[in-house]
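**Q**
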Amino acid sequence: MDSTTEKSVAVLGLGKFGRSLARNLYNLGADVLVVDSDEDVISDFSANSTSAIKANLNNEDEVVALRLENMDVVVTAMGSNLAASIMCVSVAKDHGVPLVIAKSDSSRMGSILKKVGADRIIDPEEEGGARAARILVSSYLNECFKLDENMMMVEMVPKPEWLGHSLNELDLRKALNINIVAMRQNGGLWHFVEPDVHLEKEMNLLIVMERKTMVKLRGGK
199 MDSTTEKSVA VLGLGKFGRS LARNLYNLGA DVLVVDSDED VISDFSANST
249 SAIKANLNNE DEVVALRLEN MDVVVTAMGS NLAASIMCVS VAKDHGVPLV
299 IAKSDSSRMG SILKKVGADR IIDPEEEGGA RAARILVSSY LNECFKLDEN
349 MMMVEMVPKP EWLGHSLNEL DLRKALNINI VAMRQNGGLW HFVEPDVHLE
399 KEMNLLIVME RKTMVKLRGG K
């Protein structure tokens with residue numbers, strides 16, 4: 199998926215983390231479905247999502263009716279509600295959702311959700327909604343770290359149009375105002391990038407940029 203605006207994400211459960219995640223995803227251009235059992239919460243949040251649905255996330259029939267198979271990513275954000283989280287993770291994976299992410303309030307809960315099919319576990323104490331949103335909407339970002347109010351560091355794979363080109367050829371500092379400070383290949387050790395090395399899809403890049411550059415980096419192909 200080359201354009202982040204095409205990515206569809208379902209956020210199930212609108213507690214503090216779910217609201218933050220959904221709002222940031224929507225502001226970043228994702229197609230966002232939000233689901234909660236509280237009709238007032240759904241009504242209040244409808245302006246910050248593409249679609250807002252009231253449903254009992256403990257009820258299998260209601261979860262199936264959400265047609266989660268149409269989503270690229272499903273995030274179960276219920277946290278302490280283990281039963282609902284298990285139900286939603288199981289239904290999503292059974293219906294072929296490519297990426298299912300589960301919020302967990304404990305390592306034990308995270309372990310259980312992994313066993314029923316969650317591809318990734320989010321600890322809200324370590325990973326806020328804004329950071330999780332930036333990673334989810336991008337096909338390329340793996341990690342995103344705030345250095346200060348202006349600068350950030352991201353770990354990402356090369357974009358398709360970068361493959362086969364060297365840093366000298368791409369001149370990303372001029373084109374996008376980003377600095378590639380290190381790279382690694384096939385999960386190996388990080389090392390400095392030689393400007394004449396051609397980028398490959400197995401590489402991970404460590405990049406420093408201004409926060410405003412993130413929009414430009416996500417845009418286009």
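Using my numbering, read the sequence shown as starting at 199 and increasing by one per residue. Backbone N, C-alpha and C fix where the C-beta goes; we use that ideal spot for every residue, glycine too.
1) My output table needs one value for residue 424: the three-state DSSP class, helix, strand or coil.
2) Mind checking who residue 250 pairs with in its DSSP beta bridge?
3) Measuring alpha carbon to alpha carbon, tell me which of 245, 209, 246, 205 ends up nearest residue 228.
4) Who are the Cβ neighbours of residue 363 in its own chain at under 7 angstroms, not counting the five residues just before and after it?
5) Ends of the alpha helix (DSSP H) at residue 371?
6) Under the assumption that residue 233 contacts residue 264 (Cβ atoms under 8 angstroms), give the Cβ distance between them as a whole number of angstroms.
7) For residue 294, collect the residues of the same chain with a Cβ closer than 8 angstroms to its Cβ; drop the 5 residues on either side in sequence, then sort them by chain order.
8) What did DSSP end up calling residue 244 once you bin it into helix, strand or coil?
9) Which of the three DSSP states is assigned to residue 313 in this structure?
10) Please state if the CB of residue 219 and the CB of residue 272 are separated by a distance shorter than 8 angstroms.
**A** Result, derived from the coordinates:
1) Any answer about residue 424 is impossible in this case: the structure gives the chain only from 199 up to 419.
2) Looking at the DSSP assignment, residue 250 forms a beta bridge with 232.
3) Closest by alpha carbon: 205.
4) Excluding sequence neighbours, residue 363 sits near 396, 397.
5) Membership of residue 371 in the alpha helix (DSSP H) is indicated by the continuous run 370–374.
6) In this structure residue 233 touches residue 264 by the C-beta definition: roughly 6 angstroms separates them, less than 8 angstroms.
7) Excluding sequence positions up to five before and after residue 294, its CB lies within less than 8 angstroms of the CB of 267, all in the same chain and listed in chain order.
8) Residue state for residue 244 is assigned as helix, using DSSP reduced to three classes.
9) In this structure, DSSP gives residue 313 a helical state, which the three-state scheme calls helix.
10) No. Outside cutoff.
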